[in-house]
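> What follows is a structure written as structure tokens; I'll ask about it next.
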Amino acid sequence: ATRRRKFFDGPDSIGPILVESDVVVVAVPQTAQTIGLIGVREVSMIKRSAVLIDVGRGPVVDETALYDALSTNRFAGAAIDVCYRYPQTHELGIPSNLPFHNLPNVVMTPNQAGAYEQRYARRRAILANNIDRISRREQPINVVWEPKAVLSNSRTSFAKKENSKNEGHKNTMDANRGS
Numbered sequence: 003a004t005r006r007r008k009f010f011d012g013p014d015s016i017g018p019i020l021v022e023s024d025v026v027v028v029a030v031p032q033t034a035q036t037i038g039l040i041g042v043r044e045v046s047m048i049k050r051s052a053v054l055i056d057v058g059r060g061p062v063v064d065e066t067a068l069y070d071a072l073s074t075n076r077f078a079g080a081a082i083d084v085c086y087r088y089p090q091t092h093e094l095g096i097p098s099n100l101p102f103h104n105l106p107n108v109v110m111t112p113n114q115a116g117a118y119e120q121r122y123a124r125r126r127a128i129l130a131n132n133i134d135r136i137s138r139r140e141q142p143i144n145v146v147w148e149p150k151a152v153l154s155n156s157r158t159s160f161a162k163k164e165n166s167k168n169e170g171h172k173n174t175m176d177a178n179r180g181s
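Following this note's numbering, the numbering of the sequence shown begins with 3 at its first residue and continues without gaps.
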């Protein structure tokens, strides 16, 4: 049976919840009371096998504390749908000053709830720009990369398969010539 703990006692009672939870979901607005709600102390309390899902606002979870914990595998991982750094008008930017996108235990989404015409126009412009960049053999923008280990492992295994296939073919040809 799943046991649920109620969070009625305010921010000071968050410790036991973090210690016990398999999934920690942060979904609070940014207010003077919630900025830094999940700081270094709270991040250190998250159990090792847990996952943090942040769909609130960036400053609610301390950016550096979260990055440090994730980069050292202090807990299992995070899904982050917040921005710590919002791009300026017409600037294409990354949502954080820290390289969360390089961590294999992090999934980041663009934090773009709601629909409005300017967003669709911007997406069309980015798509057209990327098509143009690719046609010039330039790196497209806003690309989500596979973790380096996955990419390098898949390339290595593909190369090994190709080499062993070629070696097998070569050995068969050599054997046929000799007989």
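Note that CB positions come from ideal geometry on N, CA and C, so glycine has one too.
(1) Go ahead and label Arg59 buried or exposed: buried means 16 or more other beta carbons lie within 10 angstroms of its beta carbon, across all protein chains shown.
(2) Quick check on this structure: which residue in Ile82, Pro142, Leu72 has the alpha carbon closest to the alpha carbon of Val28?
(3) For the structure I just gave you, are there three or more beta carbon pairs, one from the stretch 17 to 32 and one from the stretch 40 to 56, closer than 8 Å?
(4) Output yes or no for whether 7 Å exceeds the beta carbon distance between Arg50 and Phe77.
(5) Would a check of beta-carbon distances place Val27 closer than 7 Å to chain B?
(6) Please tell me whether Leu39 and Val62 are closer than 7 Å, where the distance is taken between their beta carbons.
(7) What is the DSSP secondary structure of Val21, reduced to helix, strand or coil?
(8) Between which two residues does the beta strand (DSSP E) harbouring Leu100 extend?
(9) Between the Cα of Leu105 and the Cα atoms of Ala123, Gly79, Tyr122, Arg125, which residue gives the shortest distance?
(10) To the nearest angstrom, how far is the alpha carbon of Ile48 from that of Glu140?
(11) Run through DSSP, which three-state label would Ala127 get?
(12) Alpha carbon to alpha carbon, how far is Asp14 from Asp70?
(13) Can you list, in chain order, the residues of its chain whose CB lies under 8 Å from that of Val109, leaving out five sequence neighbours each side?
(14) Using a threshold of 7 Å, state whether the C-beta atoms of Ser98 and Tyr86 are closer than that.
(15) If we count the other Cβ atoms within 10 Å of its Cβ and call it buried at 16 or more, is Asp134 buried or exposed?
Considering the structure as presented:
(1) buried
(2) Ile82
(3) yes
(4) yes
(5) Here chain B cannot be found, since the structure has a single protein chain.
(6) yes
(7) helix
(8) It is not in any beta strand (DSSP E) - Leu100 carries neither H nor E in the DSSP assignment.
(9) Gly79
(10) 42 Å
(11) helix
(12) 23 Å
(13) Gly79, Ala80, Ala81, Ile82
(14) yes
(15) exposed
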